[in-house]
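Start counting the sequence shown at 124; every next residue gets the next number (this note's numbering).
Backbone N, C-alpha and C fix where the C-beta goes; we use that ideal spot for every residue, glycine too.
Shown next, in structure tokens, is the structure this report addresses.
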Amino acid sequence: MMPSVYEEISLALDRYAEAADSVDKVYVSRAAGKFGKSRGNGVEAGRRLHSRIWGFDPYDVLGYDEICTPFPLAWRFRFGWLLGVPDQLCFRRGKPYAVVEYKSYMARGLGEKIQASLYGLLAELNFTAEIEVYIRDPGGLSPIQGWRALALEGLRAAASLARRRSSPGIRSRSSSLWCKARRRGGPESSSSQSPRSRMG
């Protein structure tokens with residue numbers, strides 16, 4: 124049985140809350156940043172726009188024929204959580220149908236397209252809906268063609284960030300412990316095992 128729109132919204136909000144509390148998370152903006160940094164004042168404008176979400180009851184989308192609002196989205200992948208808040212998730216009769224990312228500059232770069240595409244993917248995963256993805260910049264509203272393929276590129280970047288986040292801590296911590304033990308002349312100093320193999 125398909126969940127109701129109310130249940131889908133509740134589950135999406137629960138996922139976001141769990142993701143936000145997790146240490147295993149990558150933000151959409153960080154993953155998209157691997158494909159180029161934004162050139163405008165969009166970060167500050169985005170923060171102001173997103174701060175409005177906390178004064179808005181997400182369930183209010185059920186009371187409108189059509190509404191666009193920031194909406195928290197998250198999904199757990201093998202690498203951990205991917206999460207973020209698109210500038211606008213557009214709902215029609217309680218069901219999302221589009222993601223719109225706003226840019227204060229001409230946003231034709233790959234990073235901006237991947238950011239919007241990742242939000243589209245998160246929206247489709249959280250809701251049983253087919254999503255259209257757009258960027259609105261000074262040139263107008265532009266649909267992102269082939270956004271699902273771009274979202275896969277963004278997922279690869281997010282997985283890479285997650286691997287880098289978890290690997291260096293283990294490697295550097297074990298290496299520094301091994302080096303300290305070796306300097307002290309402890310029993311580990313005569314071992315031919317590498318720090319990694321001793322971690323088991």
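Worksheet item: When you compare each of Ala221, Phe250 and Ser227 to Phe240 by their alpha carbons, which one comes out closest?
Response: Note on residue identity: the sequence assigns Ser, not Phe, to residue 240. Nearest of Ala221, Phe250 and Ser227 to Ser240, Cα basis: Ala221.
Fill in: Bridge-paired residues (DSSP) for Ser265
Ile258
Item to complete: Pull up the CB-CB distance for Gly203 and Lys157, whole angstroms please, since I reckon it's below 8 Å.
Response: With a Cβ gap of about 16 Å, Gly203 and Lys157 do not count as contacting.
Discussion item. According to DSSP, simplified to helix, strand and coil, what is Arg69?
Written reply: Only positions 124 to 323 of the chain appear in this structure, which leaves residue 69 out of reach.
Worksheet entry | Delimiting residues of the beta strand (DSSP E) encompassing Tyr139 | Taken as a continuous stretch (DSSP letters only), Tyr139 belongs to no beta strand (DSSP E), being part of the alpha helix (DSSP H) at Val128 to Asp144.
Discussion item. Just to check my reading of the structure: Ala230 and Asp260 have Cβ atoms closer than 8 Å, yes? What is that Cβ distance to the nearest angstrom?
Written reply: 4 Å
Worksheet item: What does Lys226 pair with, by DSSP beta-bridge criteria?
Response: None; Lys226 has no bridge partner.
Worksheet item: Can you name the start and end residues of the alpha helix (DSSP H) that Val151 belongs to?
Response: Val151 to Gly156
Worksheet item: Under three-state DSSP, which class holds Arg216?
Response: coil
Worksheet item: Around the C-beta of Pro219, are 16 or more other C-beta atoms found within 10 angstroms, so that it is buried, or is it exposed?
Response: buried
Discussion item. By the DSSP assignment, the beta strand (DSSP E) with Gly203 in it spans what residues?
Written reply: Gly203 to Gly207
Worksheet item: If you count every other CB in all the chains shown that lies within 10 Å of the CB of Arg251, and 16 or more means buried, which is it?
Response: According to the sequence shown, residue 251 is Thr rather than Arg. Answer is exposed; the Cβ neighbour count stays below 16.
Worksheet item: In terms of residue numbering, what span does the beta strand (DSSP E) encompassing Phe200 cover?
Response: Leu196 to Phe200
Item to complete: Have a look at Val151, Ser127 and Tyr257 and flag the residue whose alpha-carbon is nearest the alpha-carbon of Phe200.
Response: Val151
Worksheet item: What residue from Arg215, Gly263, Glu255 and Gly262 has the CA that sits closest to Ala274's CA?
Response: Glu255
Worksheet item: Alpha carbon to alpha carbon, what distance is there between Asp183 and Ala281?
Response: 31 Å
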